[in-house]
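> Sequence positions in the sequence shown follow my numbering and run 1 to 216. We put the beta carbon where it would ideally sit given N, CA and C, even for glycine. Please read these numbers as outputs of a predicted model, since none were measured by experiment. Supplied in structure tokens, the structure appears directly below.
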Amino acid sequence: MEMFGISFVFCSINILINCFCHPDHVDFGYSLIGKIFKLGLKPNIVTLTTFIHGLRREDKFGEAVDLFDDIVEKGYHPNVYTYTVIENGLCKIGKTNVAFGVLKRMMEEGCDPNVVSFNAIIDSLCKDRFVTEALDLFLKIKSEGILPGVVNYNTLIHGLCMSSRWKEAFMLLNQMLRANIAPNIITFNTCVDGLCKKGKVSKAHGVIKLMMQRGL
Numbered sequence: 001m002e003m004f005g006i007s008f009v010f011c012s013i014n015i016l017i018n019c020f021c022h023p024d025h026v027d028f029g030y031s032l033i034g035k036i037f038k039l040g041l042k043p044n045i046v047t048l049t050t051f052i053h054g055l056r057r058e059d060k061f062g063e064a065v066d067l068f069d070d071i072v073e074k075g076y077h078p079n080v081y082t083y084t085v086i087e088n089g090l091c092k093i094g095k096t097n098v099a100f101g102v103l104k105r106m107m108e109e110g111c112d113p114n115v116v117s118f119n120a121i122i123d124s125l126c127k128d129r130f131v132t133e134a135l136d137l138f139l140k141i142k143s144e145g146i147l148p149g150v151v152n153y154n155t156l157i158h159g160l161c162m163s164s165r166w167k168e169a170f171m172l173l174n175q176m177l178r179a180n181i182a183p184n185i186i187t188f189n190t191c192v193d194g195l196c197k198k199g200k201v202s203k204a205h206g207v208i209k210l211m212m213q214r215g216l
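Below, the structure written as structure tokens:
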């Protein structure tokens, strides 16, 4: 691009960086970012988040965290997507408490989390059998004025079913319906699977009947 006098377009750079985020090409990604800085240009947070996401995707999460810390030191303000990438990575390696810290820091910095930011932590808590804590966080989402989506409901319903907390799971399902959030096939399959595993076949049959009534 430089040879032909074409200025860097960060949208194009994002595509290049995304291509470089593979095991054999990560060094090229670092080189490109370094080149941008040397040219006196300042990569935007979208460009840097693209690379951070690519590093996490390629199981180079340690490097992703290092880059995150580095850009914060350089004066960048991570956006909701940057924070969410780090949260997801922490949750995937079982560091849910640290992910909570990132969420808290995010909110302190005035960066409003979205349902995706919360869902990574809710999912991780449910997998670790901290379902009560996951439910508390879910309620906090609502109290903050953030409307949970079907993915948030599905995640928590699954956690409740796996903990044999059927009453709360079905209360949540009814809450979805009252809020005009349409349950999907995953919602119903989660309930049916959980009920069958616990030997509650008649209740599972009731859920299947409801599925059919909704055309699923």
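When the Cα atoms are used, what is the spatial distance from N189 to K95?
28 Å
> Would you be able to state if there are at least three C-beta pairs under 8 Å between the segment 192 to 204 and the segment 156 to 172?
Result yes; three or more Cβ-Cβ pairs closer than 8 Å.
> May I ask you to report which of helix, strand or coil DSSP gives C111?
coil
> Near T187, which residues of its chain fall below 6 Å by C-beta distance, leaving aside the five closest residues on each side in sequence?
N154
> Could you tell me the boundaries of the alpha helix (DSSP H) in which R129 lies?
No alpha helix (DSSP H) contains R129, which DSSP labels as neither H nor E.
> Using 8 Å as the threshold, is the segment 112 to 120 in touch with the segment 63 to 78, meaning 3 or more CB pairs across them?
no
> Which whole-angstrom value describes the C-beta separation of S164 and K198, a residue pair presumed to lie in contact below a C-beta threshold of 8 Å?
6 Å
> Does I86 pass the burial test, meaning 16 or more other C-beta atoms within 10 Å, or should it be called exposed?
buried
> Is it buried or exposed for V207, if we count other Cβ within 10 angstroms and need 16 for buried?
buried
> Using alpha carbons as the reference points, say which of A204, H53, F68, K140 lies closest to A169.
A204
> Ignore the nearest five residues each way along the sequence and tell me which others in Y83's own chain have a CB closer than 7 Å to its CB.
V102, M106, C111, S117
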